[in-house]
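Chemist: Residue numbers (the working numbering): 47 to 631.
Backbone N, C-alpha and C fix where the C-beta goes; we use that ideal spot for every residue, glycine too.
One structure follows; several queries about it will come next.
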């Protein structure tokens with residue numbers, strides 16, 4: 047009896063110590079989310095998974111500010127591109143069924159897609175090596191905002207109109223939502239089911255994900271759904287939601303508790319088996335055999351010396367992150383309902399820093415640190431400036447800050463590590479993936495060129511300078527410009543010494559001068575770059591517009607200066623303009 051009492055006492059003591067240690071960890075985690083843990087802001091739901099079970103879950107902030115509903119681990123969020131790995135699993139299941147091969151030409155199932163001269167396979171789609179332009183950016187350039195209603199048919203119509211690709215399939219790695227949307231169409235063509243139906247039957251149902259679905263009906267009532275928000279100018283928040291109904295590249299709605307059931311399938315694969323998990327988590331390769339940092343719907347990476355598998359999601363007012371450290375059997379699942387300063391993947395890293403502190407410290411000690419080559423600030427300053435790639439339609443800006451060369455790209459800033467004469471590597475803040483940059487001159491007295499290795503084949507960037515156009519010269523750019531692939535017209539006008547872009551539905555937008563004949567504008571997410579072209583008489587004839595995921599597309603200046611149609615119409619062509627006739631610009 048005494049022995050039993052002692053045993054019970056020891057068990058209670060150990061349990062108490064474990065509980066105390068877990069409580070201290072949880073307090074540190076709560077501090078990461080403290081900014082959002084209020085009754086007056088949106089926030090996040092969190093699930094921390096260790097050794098196959100949820101060791102901590104919590105809700106921070108509000109799921110609905112209008113009704114005063116708090117976020118809980120049972121709140122439902124749109125997880126954006128975290129959905130891609132589930133679409134990839136659907137395709138893998140079809141290969142296991144013998145319904146398709148990953149090396150099939152996608153046109154076998156989608157014959158209406160133009161023949162661009164080289165086969166684009168399903169494997170290219172899965173690894174983002176297809177070269178297809180990103181359809182979300184195309185919608186934006188067409189003038190269709192994310193808040194609008196679009197369907198599969200609208201997206202397919204837009205994709206089919208494209209006359210070119212960003213690059214030859216397999217030559218580069220460039221993220222594009224078009225790849226995974228098209229796989230949703232392939233599922234439908236092969237099975238006769240929508241991706242929503244197929245995933246419910248083959249993935250969500252078997253895994254018991256009862257609060258999860260692909261959202262293809264914008265009128266559908268979703269129990270416990272969190273509202274998406276964005277910061278409002280002047281303070282507070284505003285609703286930021288979308289009626290897009292396309293699937294595959296995003297549109298999974300779920301909870302962190304259901305995401306745990308999906309995440310658990312990686313360690314104990316009820317759906318797909320070990321082979322499917324291996325395919326999802328194996329990096330793809332380019333035509334030259336070079337590996338890319340992406341499997342099938344997942345980034346395959348390292349963080350502070352540890353193997354790391356992850357993907358983030360961003361769509362209107364929603365953000366999400368799935369972060370796995372497979373060797374440590376540790377994962378962080380985060381869903382959020384606000385844009386702005388909120389970064390779920392950074393939060394996931396901070397959670398890992400707390401829970402895996404010892405493992406990360408050991409891994410960093412064992413791995414050789416990249417110290418780089420010391421380089422004085424005076425030497426670094428020769429590389430500072432703005433560089434433009436005519437082929438990619440992209441800008442890279444370099445400056446010296448705190449004794450380091452820093453590169454600014456859309457949405458992110460990189461510290462550059464010197465690795466040789468005029469050679470640098472950029473380590474992304476949330477990974478150990480390195481891009482390489484080489485500065486050189488084309489000849490004696492020539493301006494610097496930049497050779498950038500960012501996803502496969504190198505891109506050449508030329509140093510560009512002002513002068514930024516004087517207000518009196520902005521009239522050179524004024525006029526109406528059209529692009530038939532987008533069926534879009536942009537009208538550029540000069541107002542109060544600024545160049546303004548006007549387009550149907552969208553608000554007037556001021557274009558920011560970047561360099562001679564180059565201007566920057568904002569997309570729903572990210573930016574676009576305009577570069578104006580001139581004839582031998584120095585008259586502006588057209589411009590090229592590009593985004594991070596759409597290489598330059600040409601807009602031709604309308605000779606008679608015809609104004610664009612400013613009347614909004616629905617995506618199915620049934621809208622009416624002021625005369626009562628349905629019309630698209």
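Assign residue 501 to buried or exposed, taking buried as 16 or more other Cβ atoms, counted over all protein chains shown, within 10 Å of its Cβ.
Modeler: Taking the chain shown and counting its residues from 1, one reaches residue 501 at position 455. Label assigned to residue 501: buried.
Chemist: For residue 284, which residues does DSSP report across the bridge?
Modeler: As a first step, residue 284 is located in the chain shown; it is residue number 238 there, counting from the start. Beta-bridge pairing links residue 284 to 276.
Chemist: Give me, in chain order, the residues of the same chain whose beta-carbon lies closer than 6 Å to that of residue 233; leave out the 5 immediate sequence neighbours on both sides.
Modeler: Residue numbering aside, residue 233 sits at position 187 when the chain shown is read from its first letter. A distance below 6 Å between beta-carbons, with the five flanking residues on each side excluded, links residue 233 to the following residues of its chain, in chain order: 136, 241 and 244.
Chemist: Candidates 360, 446 and 249: which alpha carbon is nearest residue 127's?
Modeler: For the purposes of this step, residue 127 is taken as the residue at position 81 of the chain shown. Residue 360 holds the alpha-carbon nearest to the alpha-carbon of residue 127 among 360, 446 and 249.
Chemist: Along the beta strand (DSSP E) that carries residue 108, what are the first and last residues, could you check?
Modeler: By 1-based counting over the chain shown, the position of residue 108 is 62. Going by DSSP, residue 108 is part of the beta strand (DSSP E) stretching over 108–110.
Chemist: Taking the beta carbon of residue 410 as the centre, do at least 16 other beta carbons fall within 10 Å, making it buried, or is it exposed?
Modeler: Mapped onto the chain shown, residue 410 falls at position 364. Around the beta carbon of residue 410, a 10 Å sphere encloses fewer than 16 other beta carbons of the protein chains shown; the residue is thus reported as exposed.
Chemist: I need the boundaries of the alpha helix (DSSP H) containing residue 390, first residue and last residue.
Modeler: Working through the chain shown from its first residue, we reach residue 390 at position 344. Segment 390–401, the alpha helix (DSSP H) holding residue 390.
Chemist: Residue 358: which of 441, 351, 315 and 298 sits nearest, CA to CA?
Modeler: Here residue 358 refers to the residue found at position 312 when the chain shown is read from its first residue. Measuring from the Cα of residue 358, the nearest candidate turns out to be 298.
Chemist: Measure the CB-CB distance between residue 366 and residue 381 and report whether it falls below 7 Å.
Modeler: As a working mapping, residue 366 is identified with position 320 in the chain shown. As a working mapping, residue 381 is identified with position 335 in the chain shown. Contact flag set, yes.
Chemist: Check for me: the alpha helix (DSSP H) holding residue 310 runs from which residue to which?
Modeler: For the purposes of this step, residue 310 is taken as residue 264 along the chain shown, with counting starting at 1. Following the DSSP letters along the chain, one finds residue 310 inside the alpha helix (DSSP H) bounded by residues 302–313.
Chemist: When DSSP labels each residue in this structure, what does residue 251 get in the three-state scheme?
Modeler: To locate residue 251, count along the chain shown from 1; it is residue 205. Three-state DSSP puts residue 251 in a helix.
Chemist: What first and last residue would you give for the alpha helix (DSSP H) that runs through residue 181?
Modeler: On the chain shown, residue 181 is found 135 positions in, with the first residue counted as 1. First-last of the alpha helix (DSSP H) with residue 181: 181–188.
Chemist: Can you check the segment 527–605 for any alpha helix (DSSP H) of at least 4 residues that lies completely inside it and give the ranges in chain order?
Modeler: DSSP runs (the alpha helix (DSSP H)) wholly in the segment 527–605: none.
Chemist: Are three or more beta carbon pairs between the segment 192–203 and the segment 284–299 nearer than 8 Å?
Modeler: yes
Chemist: Pop quiz: residue 313 and residue 375 are said to be a contact at Cβ under 8 Å. What is the actual Cβ separation, rounded to whole angstroms?
Modeler: On the chain shown, residue 313 is found 267 positions in, with the first residue counted as 1. On the chain shown, residue 375 is found 329 positions in, with the first residue counted as 1. The Cβ separation is near 7 Å, so the contact holds.
Chemist: Quick check: what's the CA-CA separation for residue 541 versus residue 548?
Modeler: Counted from its first residue, the chain shown places residue 541 at position 495. Counted from its first residue, the chain shown places residue 548 at position 502. If you take the alpha carbons of residue 541 and residue 548, they lie about 11 Å apart.
Chemist: My guess is that residue 91 and residue 117 are in contact by the Cβ rule of under 8 Å, so how many angstroms apart are they, rounded?
Modeler: Mapped onto the chain shown, residue 91 falls at position 45. Mapped onto the chain shown, residue 117 falls at position 71. The Cβ separation is near 5 Å, so the contact holds.
Chemist: Quick check: the Cα distance between residue 459 and residue 408, rounded to an integer number of angstroms?
Modeler: By 1-based counting over the chain shown, the position of residue 459 is 413. By 1-based counting over the chain shown, the position of residue 408 is 362. Here the C-alpha atom of residue 459 lies approximately 28 Å from the C-alpha atom of residue 408.
Chemist: Do you know offhand how far residue 258's Cα is from residue 176's?
Modeler: Here residue 258 corresponds to residue number 212 of the chain shown, with the count starting at 1. Here residue 176 corresponds to residue number 130 of the chain shown, with the count starting at 1. Answer to the nearest angstrom: the Cα atoms are 29 Å apart.
Chemist: Between residue 261 and the rest of its own chain, which residues show a CB-CB distance below 6 Å, the 5 nearest in sequence each way excluded?
Modeler: Within the chain shown, residue 261 is the residue found at index 215, counting from 1. Closer than 6 Å at the Cβ level, and outside the excluded window around residue 261, lie 297 and 299.
Chemist: Using the Cβ count rule (16 or more neighbours within 10 Å means buried), how would you classify residue 373?
Modeler: The residue you call residue 373 lines up with position 327 of the chain shown. The Cβ neighbour count for residue 373, taken over all protein chains shown within 10 Å, is under 16; the residue is labelled exposed.
Chemist: Could you compute how far the alpha carbon of residue 159 sits from the alpha carbon of residue 207?
Modeler: Within the chain shown, numbered from 1, the residue matching residue 159 stands at position 113. Within the chain shown, numbered from 1, the residue matching residue 207 stands at position 161. The straight-line gap from Cα to Cα measures roughly 8 Å.
Chemist: For residue 573 and residue 567, which I take to be in contact (beta-carbon distance under 8 Å), what is that distance rounded to the nearest angstrom?
Modeler: The residue you call residue 573 lines up with position 527 of the chain shown. The residue you call residue 567 lines up with position 521 of the chain shown. Yes, they are in contact, since the Cβ atoms of residue 573 and residue 567 sit about 7 Å apart, within 8 Å.
Chemist: Just verifying my parser: in three-state terms, what is the DSSP assignment at residue 448?
Modeler: For the purposes of this step, residue 448 is taken as the residue at position 402 of the chain shown. DSSP places residue 448 in coil when its eight states are reduced to three.
Chemist: Can you tell me whether DSSP reads residue 319 as helix, strand or coil?
Modeler: For this step, residue 319 is matched to residue 273 along the chain shown. Helix at residue 319.
Chemist: Between the C-alpha atoms of residue 140 and residue 523, what's the straight-line distance to the nearest angstrom?
Modeler: In the chain shown, counting from the first residue as 1, residue 140 sits at position 94. In the chain shown, counting from the first residue as 1, residue 523 sits at position 477. If you take the alpha carbons of residue 140 and residue 523, they lie about 51 Å apart.
Chemist: With a threshold of 7 Å on Cβ separation, who are the neighbours of residue 434 within its own chain once the five nearest residues in sequence on each side are excluded?
Modeler: Residue mapping note: residue 434 aligns to position 388 of the chain shown, counting from 1. Cβ neighbours of residue 434 beyond the five flanking positions: 441, 507, 508, 510, 561 and 564.
Chemist: Less than 7 Å between the beta carbons of residue 152 and residue 166, yes or no?
Modeler: For the purposes of this step, residue 152 is taken as the residue at position 106 of the chain shown. For the purposes of this step, residue 166 is taken as the residue at position 120 of the chain shown. A contact, by the Cβ cut-off of 7 Å.
Chemist: Could you check the C-alpha separation between residue 469 and residue 426 for me, to the nearest Å?
Modeler: Here the question's residue 469 lines up with position 423 in the chain shown. Here the question's residue 426 lines up with position 380 in the chain shown. If you draw a straight line from the Cα of residue 469 to the Cα of residue 426, it is about 11 Å long.
Chemist: In the DSSP assignment, find the unbroken alpha helix (DSSP H) run with residue 233 in it and report its ends.
Modeler: Locating residue 233 in the chain shown gives position 187, where the first residue counts as 1. Here the alpha helix (DSSP H) through residue 233 covers 223–237.
Chemist: Run through DSSP, which three-state label would residue 65 get?
Modeler: Within the chain shown, residue 65 is the residue found at index 19, counting from 1. Of the three classes helix, strand and coil, the one that applies to residue 65 here is helix, per DSSP.
Chemist: Would residue 231 be called buried (16 or more neighbouring beta carbons within 10 Å of its own) or exposed?
Modeler: The count along the chain shown starts at 1 and reaches residue 231 at position 185. That one is buried.
Chemist: Suppose you measure from the CA of residue 112 to the CA of residue 84; what does that come to, to the nearest Å?
Modeler: Position 66 of the chain shown, counted from the first residue, corresponds to residue 112. Position 38 of the chain shown, counted from the first residue, corresponds to residue 84. Rounded to the nearest angstrom, the two C-alpha atoms are 14 Å apart.
Chemist: Residue 173: buried (16+ other C-beta within 10 angstroms of its C-beta) or exposed?
Modeler: Mapped onto the chain shown, residue 173 falls at position 127. Buried: at least 16 other Cβ atoms inside 10 Å.
Chemist: Return yes when at least one heavy atom of the ligand ATP lies under 6 Å from the C-beta of residue 591, else no.
Modeler: With respect to the ligand ATP, the structure shown offers nothing to examine, as it has no ligands at all.
Chemist: Please return the same chain residues whose Cβ sits closer than 8 Å to the Cβ of residue 103, not counting the five positions on each side in sequence.
Modeler: The residue you call residue 103 lines up with position 57 of the chain shown. Once the five neighbours on either side are set aside, the close Cβ partners of residue 103 are 91, 92, 93, 94, 119, 302 and 303.
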